[in-house]
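First to last, the protein sequences are chains A and B.
Positions 210 to 396 (the working numbering) are the ones given, in order, by the first sequence.
Positions 1175 to 1396 (the working numbering) are the ones given, in order, by the second sequence.
The beta-carbon is built from N, C-alpha and C at its ideal position, and this holds for glycine as well.
One structure below.
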Amino acid sequence: MGQLDPQSLPGHVDRLYRAAWALCGSPHEAEDLVQETFVRVLARPRMLRAVGTTSQAAELAYLMRVLRNTFLNSRRSASRRPQVSATLEQADPADPRAGEQAEQALEAQELYAAIAELPEDFRLALVAVDILGLSYAQAGRALGAPEATITTRLHRARRRVVASVDPPTQSGDAHQREGSTPPRSLD
Amino acid sequence: MDYMPDQPDREQIAADELRIGELLRAVEAPAPAGLQQQIGELNEARSARTRPRRRRRPLIAIAVGFAGGIALALVLKGTPAPAQPTALRISTIALERATGPAPYRLTATGTTITFPQWSSLGWPSLGTRSDSLDGRTVTTEFFRSYGGAGTLGYAIVSGTALQWGAAGRTLTHDGAHYWADAHAGAQILAWVQDGHTCVLVSRSASAATLLALAAQERATPL
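The structure is reproduced here in structure tokens:
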């Protein structure tokens, strides 16, 4: 057991932001989600379970758990809100940053949107392992699922995202199944 | 629905893992600077809260002495006192970041006004901050839209009602009077409630949304 060091948290903001973007599919919502996550984490001292892992991995696993809970809570609350809010939202202007997206941001939007389309369990597994960099065991602990379940969800999540971003072509499908270089690149 | 085999072969699994890594690296970008700064401020505020008092006392004494010295120098030099705060100045505070967690229920310091519960309108609380400005306490609660309309700050100022500011316009809605302005890319709406100035400000929500929320707030018995 160790205490979460708040001074180390700013070092995780980039990864957490990308994780939040992939979870909710919107960079704007991701900013709010990360802010809310950090407000919760910093509200009081936090103890970390860091058995058999580095402190950085333990911090990321903890942040993943808080991010997931914050995300799920916000989704639940959003689904409960009454129609009046929709009326208010209609009066709001479009996101002013939308027109300033660079090419990379558009590619990021496409990829993160594909991840955000995944079923929730698949999405969380992919975010924990491929974006935050947790091991399967750490992801399992953070998400409350057995390691084998995380492995299965992760494989299926990756398959769906790759299939979505790299639509199969007549010659490319067989090419892909052999594990060779895919036909399309976001680089 | 796409065809998803139950047991994908090992080559496919490996190829997908490589491809996902490639795709994610290609779009790897840092978090926006504003978010980085905001997290830094949250962290700083937390450090200030948990710093041992024994160490703070000498610093406070030095700060008080320093401030007293400056005040004396200003009096001796005959420099005019700074302008009274206006709703416009308060709006800049309400555009800052939260330094405390979302409260269950918050009453603005120096007033009897309780901040509203707007989560039922799609605007849950995001956090709070408290500032001092020319002897007044400015209590601000921040709200975040579930619908992608960003965030807004709601500041309530202790003491008597403030001047609005040089620009802006006054308007009446549902029999209540408001002052509205757009400044530095933000929409500002202010009014007087129980003798105190209340300011709503947002860089992303429209003036109509601010007015609708303010009207809802004033219609709700406290």
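Requested in this report: Tell me, please, whether the segment 1306-1320 of chain B touches the segment 1349-1363 of chain B by the rule of three or more beta-carbon pairs shorter than 8 Å.
Outcome: No, the segment 1306-1320 of chain B does not touch the segment 1349-1363 of chain B.
Query raised in the report: Does any residue of chain A bring its CB to less than 8 Å from the CB of B:Q1367?
Result: Here residue 1367 of chain B refers to the residue found at position 193 of the second sequence. With 8 Å as the cut-off, B:Q1367 does not count as an interface residue toward chain A.
Query raised in the report: Using the C-alpha atoms, what's the distance from A:E316 back to A:L225?
Result: Along the first sequence, one-based indexing puts residue 225 of chain A at 16. Along the first sequence, one-based indexing puts residue 316 of chain A at 107. Each residue's alpha carbon lies about 19 Å from the other.
Query raised in the report: Considering B:S1299, what are the terminal residues of the beta strand (DSSP E) in which it resides?
Result: Sequence index remark: in the second sequence, residue 1299 of chain B carries index 125 (1-based). Per DSSP, B:S1299 belongs to the beta strand (DSSP E) from 1299-1307.
**Report entry** Cβ-based contacts, 8 Å cut-off: residues of the segment 1197-1214 of chain B near chain A
**Finding:** L1197, L1198, A1200, V1201, E1202, A1203, P1204, A1205, P1206, G1208, L1209, Q1210, Q1212, I1213, G1214
Query raised in the report: Is there a Cβ from chain A that is less than 8 Å from the Cβ of B:G1301?
Result: For the purposes of this step, residue 1301 of chain B is identified with residue 127 of the second sequence, where counting begins at 1. With its beta carbon less than 8 Å from one in chain A, B:G1301 belongs to the interface.
Query raised in the report: Which term fits A:T279, buried or exposed, when burial requires 16 or more other beta carbons within 10 angstroms of its beta carbon?
Result: For the purposes of this step, residue 279 of chain A is identified with residue 70 of the first sequence, where counting begins at 1. So A:T279 ends up on the buried side.
Query raised in the report: Do B:S1158 and B:R1310 have their C-beta atoms closer together than 8 Å?
Result: Nothing can be reported for residue 1158 of chain B: it is not among the residues displayed for chain B, which extend from 1175 to 1396.
Query raised in the report: Taking the DSSP output, what are the residues bridged to A:E238?
Result: Walking along the first sequence from the start, residue 238 of chain A turns up at place 29. Its beta-bridge partners do not exist; DSSP assigns none.
Query raised in the report: Which residues, taken in chain order from the segment 312-341 of chain A, show a beta carbon closer than 8 Å to some beta carbon of chain B?
Result: Look at the segment 312-341 of chain A: the residues with a C-beta under 8 Å from a C-beta of chain B are Q313, A314, E316, A317, L320, Y321, L335, D339, I340.
**Report entry** Span of the beta strand (DSSP E) around B:Q1361
**Finding:** For the purposes of this step, residue 1361 of chain B is identified with residue 187 of the second sequence, where counting begins at 1. Residues 1360-1367.
Query - Cβ-based burial, B:T1286 [other Cβ within 10 Å; buried from 16] - result: Taking the first residue of the second sequence as position 1, residue 1286 of chain B is located at position 112. Label assigned to B:T1286: exposed.
Query raised in the report: Helix or strand or just coil, what does DSSP make of B:W1338?
Result: Numbered from its first residue, the second sequence carries residue 1338 of chain B at position 164. In this structure, B:W1338 counts as coil in the three-state DSSP scheme.
Query raised in the report: Cα separation between A:R365 and A:D214?
Result: Taking the first residue of the first sequence as 1, we reach residue 365 of chain A at position 156. Taking the first residue of the first sequence as 1, we reach residue 214 of chain A at position 5. For A:R365 and A:D214, the distance between alpha carbons rounds to 35 Å.
Report task. Please state whether DSSP places B:Q1166 in a helix, a strand or coil. Result -> Coverage of chain B is limited to positions 1175 through 1396, which leaves residue 1166 of chain B absent and any answer about it impossible.
Query raised in the report: Near A:L281, which residues of its chain fall below 7 Å by C-beta distance, leaving aside the five closest residues on each side in sequence?
Result: For the purposes of this step, residue 281 of chain A is taken as the residue at position 72 of the first sequence. Excluding residues within five positions, none has a Cβ falling inside 7 Å.
Query raised in the report: CB-CB under 7 Å to B:R1227, same chain, minus the five flanking residues each way: which ones, in chain order?
Result: In the second sequence, residue 1227 of chain B corresponds to position 53, counting from 1. Because B:R1227 sits at a pLDDT of 49, beneath the cut-off of 50, its placement in the model cannot be relied upon, and the following sentence gives the value as read from the coordinates. Answer for B:R1227: no residue qualifies.
Requested in this report: Could you confirm whether any beta carbon from chain A is found closer than 8 Å to the beta carbon of B:L1269?
Outcome: Numbered from its first residue, the second sequence carries residue 1269 of chain B at position 95. No, no contact with chain A.
Report task. Pull up the CB-CB distance for B:D1305 and B:P1259, whole angstroms please, since I reckon it's below 8 Å. Result -> Working through the second sequence from its first residue, we reach residue 1305 of chain B at position 131. Working through the second sequence from its first residue, we reach residue 1259 of chain B at position 85. Wrong, their Cβ atoms sit about 10 Å apart, outside the cutoff.
Query raised in the report: Do you know offhand how far A:P236's Cα is from B:E1191's?
Result: Residue mapping note: residue 236 of chain A aligns to position 27 of the first sequence, counting from 1. Residue mapping note: residue 1191 of chain B aligns to position 17 of the second sequence, counting from 1. Using only the alpha carbons, I get a separation of about 24 Å.
Requested in this report: Kindly indicate which residue of B:A1272, B:G1284, B:A1282, B:G1322 has the alpha-carbon position closest to the one of B:S1299.
Outcome: Here residue 1299 of chain B refers to the residue found at position 125 of the second sequence. Of the candidates B:A1272, B:G1284, B:A1282, B:G1322, the one whose C-alpha sits nearest the C-alpha of B:S1299 is B:A1272.
Query raised in the report: So what does A:M256 bridge to, in DSSP terms?
Result: Taking the first residue of the first sequence as position 1, residue 256 of chain A is located at position 47. A:M256 is bridged to A:Q212.
**Report entry** N-terminal and C-terminal residue of the alpha helix (DSSP H) that B:E1315 is part of
**Finding:** What you label residue 1315 of chain B is simply residue 141 of the second sequence in a count that begins at 1. That residue, B:E1315, is in no alpha helix (DSSP H); its beta strand (DSSP E) goes 1310-1318.
Query raised in the report: B:Y1352 CB to nearest chain A CB: under 8 Å?
Result: Locating residue 1352 of chain B in the second sequence gives position 178, where the first residue counts as 1. B:Y1352 does not count as touching chain A.
Query raised in the report: At least one CB of chain B closer than 8 Å to the CB of A:S235: is that the case?
Result: Position 26 of the first sequence, counted from the start, is the residue given in the question as residue 235 of chain A. Closer than 8 Å: yes.
Report task. Using the Cα positions of A:S283 and B:Y1320, report the straight-line distance between them to the nearest angstrom. Result -> Here the question's residue 283 of chain A lines up with position 74 in the first sequence. Here the question's residue 1320 of chain B lines up with position 146 in the second sequence. Each residue's alpha carbon lies about 8 Å from the other.
Query raised in the report: In whole angstroms, what is the alpha-carbon distance linking B:A1205 and A:A239?
Result: Within the second sequence, numbered from 1, the residue matching residue 1205 of chain B stands at position 31. Within the first sequence, numbered from 1, the residue matching residue 239 of chain A stands at position 30. Roughly 10 Å between the two C-alpha positions.
Query raised in the report: Of the choices A:Q212, A:C233, A:P328, A:E268, whose alpha-carbon is the least far from that of A:A348?
Result: Residue 348 of chain A sits at position 139 when you count from the first residue of the first sequence. Comparing Cα positions, the closest option is A:E268.
Report task. My understanding is that B:T1371 touches B:I1267, with C-beta atoms under 8 Å, so please give their C-beta distance in whole angstroms. Result -> By one-based count along the second sequence, residue 1371 of chain B stands at place 197. By one-based count along the second sequence, residue 1267 of chain B stands at place 93. B:T1371 to B:I1267, Cβ: 12 Å. No contact.
Requested in this report: Tell whether a beta-carbon distance below 8 Å holds between A:V243 and A:A252.
Outcome: If you number the first sequence from 1, residue 243 of chain A lands on position 34. If you number the first sequence from 1, residue 252 of chain A lands on position 43. Contact flag unset, no.
Query raised in the report: What's the C-alpha gap between A:D339 and B:D1183?
Result: Counted from its first residue, the first sequence places residue 339 of chain A at position 130. Counted from its first residue, the second sequence places residue 1183 of chain B at position 9. Each residue's alpha carbon lies about 20 Å from the other.
Query raised in the report: Candidates B:V1375, B:A1382, B:L1384: which alpha carbon is nearest B:L1262's?
Result: Mapped onto the second sequence, residue 1262 of chain B falls at position 88. Checked all of B:V1375, B:A1382, B:L1384; the closest Cα to B:L1262 is B:V1375.
**Report entry** Backbone secondary structure at B:G1324 - three-state DSSP
**Finding:** Residue numbering aside, residue 1324 of chain B sits at position 150 when the second sequence is read from its first letter. B:G1324: coil per DSSP, three-state reduction.
**Report entry** Spatially closest choice to B:I1194 from A:L320, A:Q216, A:R255, by CA coordinates
**Finding:** In the second sequence, counting from the first residue as 1, residue 1194 of chain B sits at position 20. It is A:L320 whose Cα lies nearest to the Cα of B:I1194.
Query raised in the report: Would B:I1362 count as contacting chain A if we go by Cβ distances under 8 Å?
Result: Reading the second sequence from its first residue, position 188 is the one you call residue 1362 of chain B. No, because no Cβ of chain A sits closer than 8 Å to the Cβ of B:I1362.
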